[in-house]
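According to the working numbering, the sequence shown is numbered sequentially starting from 5. Just so you know, even glycine gets a beta-carbon here, dropped at the ideal spot from N, CA and C.
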Amino acid sequence: MAQNDIAAESAVNKSPIALVEAPDWAARARLNALQPVSRLPAEVLSLIPLTCALETRPTWFTRRHAQRTVFRKPGSGWLDVTQVCRAWRDAALGYPGLWSCADIPLHLGQKWARTFLTRSGVTPVTITLHPSDFEPFGIPEWAQNLLRAHLHRTTKLSVSGEASSYRALENLGQEVPRLTSIVLTFVDSHALSPLSNV
């Protein structure tokens with residue numbers, strides 16, 4: 005849309021409140037397109053969620069039913085910027101570095117972990133496994149499978165807990181070319197037996 009068209013449409017729409025309250029999504033999209041922030045290049049726009057992600061972490065709560073359901077508490081972190089408008093959402097979804105700037109949230113369940121891993125593309129990732137995040141059953145098989153599948157791009161790996169956590173590292177059987185940091189903390193060390201496959 006040319007600059008003159010934007011100015012003309014802005015002059016015609018002197019009642020932005022009526023447009024915002026209208027159920028017409030197209031009208032809302034046009035109104036958003038008139039805002040100065042909508043003219044920012046995607047590269048600049050993607051810095052907004054990245055800055056938020058580096059400063060805040062989303063708050064989550066879990067409802068324990070037959071299946072563990074994880075919900076994000078609105079107003080609690082950088083994922084809120086994906087709900088501001090279509091342009092911000094597109095910028096956030098299209099920036100893989102945003103989805104790998106913190107630990108992959110395995111503790112939030114398989115769906116969230118896979119979403120973060122998919123959106124992070126091929127960027128390096130940080131993975132943390134704590135059995136307390138998966139109580140009462142310990143680290144699930146799906147989390148171990150995700151670790152195996154993305155080990156080649158893992159730069160930081162942290163595993164802690166008891167013997168069950170240690171066994172999550174068994175049979176990984178591949179090189180970890182990007183690994184720069186590994187933290188292994190096992191509180192029940194007398195229960196551990198040496199593993200030849202780690």
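Exercise. Within this structure, are the beta carbons of residue 100 and residue 123 separated by less than 8 Å?
Worked result: Note that the C-beta distance between residue 100 and residue 123 is below 8 Å.
Problem set entry | Under 8 Å between C-beta atoms of residue 110 and residue 147 | Yes.
Exercise. For residue 155, which residues of its own chain have a beta-carbon under 7 Å away from its beta-carbon, when the five flanking residues on both sides are left out?
Worked result: When the five nearest sequence neighbours on each side are left out, the beta carbons in the same chain lying within less than 7 Å of the beta carbon of residue 155 are those of 176, 178, 180, in order along the chain.
Problem set entry | Own chain residues within Cβ distance below 7 Å of residue 105, not counting five before or after | So the qualifying residues of the chain are 54, 57, 58.
Problem set entry | Cα-Cα separation between residue 36 and residue 116, rounded to whole angstroms | Roughly 29 Å between the two C-alpha positions.
Problem set entry | Nearest candidate by alpha-carbon position, reference residue 46, set 190, 82, 98, 28 | Comparing alpha-carbon positions, the option among 190, 82, 98, 28 lying closest to residue 46 turns out to be 98.
Exercise. Going along the chain, which residues of its own chain have a beta-carbon closer than 6 Å to the beta-carbon of residue 191, five neighbours each way excluded?
Worked result: Taking C-beta separations shorter than 6 Å and ignoring five residues to either side along the sequence, residue 191 has no partners in its chain.
Exercise. For residue 94 versus residue 132, is the C-beta distance shorter than 8 Å?
Worked result: With contacts defined as CB atoms closer than 8 Å, residue 94 and residue 132 fail to qualify as a contacting pair.
Problem set entry | residue 182 versus residue 158 - alpha carbon distance | The alpha-carbon atoms of residue 182 and residue 158 are separated by roughly 6 Å.
For this session: Please confirm whether residue 160 and residue 136 have their CB atoms less than 8 Å apart.
Result: Their beta carbons are not under 8 Å apart, which means residue 160 does not touch residue 136 by this criterion.
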